[in-house]
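Single-structure report; data block below.
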Amino acid sequence: MSWKNNLRDYAIVAVISLLIFSILSLYIFERRGYYNLYIMNKVLAGTSLILLCIVLLIGPLCGFSNRFTPWLTFRKELGMILFFLALFHSVVSLFFLPDKFPLLYFLNEGLVSFVFGLSSIILLAFIAIISNDFFMNKLGAQRWWFIQRWGARISFILIFLHLTIMKYKGWIKFFEEGGGKDLARPYLLPASFIAFVISVILIIVRIIDIIRNARKK
Ligand code: HEM
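Anchor point for the sequence shown: position 187 equals 224 in my numbering, and the numbering is continuous, going up by one each time.
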């Protein structure tokens with residue numbers, strides 16, 4: 038692929054990412070009534086997870102309709118952008134919000150969720166590093182694709198666990214008692230729950246895809 042096409046694909050994916058980032062930012066701003074690094078960190082995490090869901094949806098969607106085939110080429114660019122957003126989120130969470138998340142939090146009550154988040158960012162970094170022709174030639178196309186496919190799937194599962202383990206108690210509280218009094222619009226769903234619902238939709242689509250493929254054989 039020429040560098041011009043490459044640049045065009047990155048520009049398209051950057052616009053999509055910016056759109057998701059802006060919608061999530063607006064939503065959380067409406068819900069909370071303010072915007073700062075703490076909120077932006079949630080937006081980084083949510084945008085990254087939604088982009089990963091898009092990456093993993095493209096394959097099954099191509100099985101349903103040929104219309105989605107051109108999207109296959111965007112998966113690399115989506116992967117690179119979502120990795121940098123996730124990395125930004127990991128660094129901000131660990132080092133730049135000590136009032137909200139002191140380092141000891143990650144070693145105590147947040148430990149299990151932290152281990153899943155950390156494993157997933159390490160795996161995403163590995164996939165990003167080998168996402169080029171040099172490593173594709175070195176590993177061979179078949180092995181390279183295998184690592185890319187399973188790397189993305191396992192990263193998703195790790196992030197899903199990171200998110201759910203960290204947030205499920207808050208979601209139960211929200212549905213039992215409503216949002217906290219500190220929120221500007223407490224009736225709005227937590228953004229993390231919306232990311233969770235999108236992830237569950239992805240899981241359902243992928244299960245349907247597995248069943249369809251098994252029936253074809
Ligand atoms: C060392 C790695 C990581 C650390 C320390 C970390 C830390 C955190 C923390 C502290 C939160 C709670 C944020 C809040 O309630 O305001 C969070 C939420 C979240 N994290 Fe991570 N994380 C890591 C990796 C990742 C990765 C790789 C992803 C991939 C997308 C991710 C996705 C999410 C999502 C979707 C949320 C929910 C955001 C929300 O509240 O709306 N995290 N993480």
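Ideal Cβ positions, reconstructed from N, Cα and C, are used throughout, including at glycine.
Cβ-Cβ distances below 8 Å link Phe-143 to Leu-131 and Phe-151 in the same chain, with the five nearest sequence neighbours on each side left out; the list follows chain order.
In terms of side-chain proximity, the C-beta atom of Lys-206 is found no nearer than 8 Å to any non-hydrogen atom of the ligand HEM. Cβ neighbours of Arg-249 within its own chain (closer than 7 Å, five residues either side excluded): Gly-100. Under the three-state reduction of DSSP, Tyr-71 is assigned to coil, being neither helix nor strand. By the neighbour-count definition (other C-beta atoms within 10 Å, threshold 16), Ala-221 is an exposed residue. The closest CA to that of Ile-240, considering only Ile-95, Ile-57 and Ser-127, is found on Ile-95.
Secondary structure of Pro-97 (DSSP, three-state): helix.
Taking a contact as a CB-CB distance under 8 Å, the pair Gly-154 and Ser-127 counts as one, their CB atoms being some 7 Å apart. Not one heavy atom of the ligand HEM sits closer than 8 Å to the Cβ of Ser-54. Look at Asp-170 here: in three-state DSSP terms it is helix.
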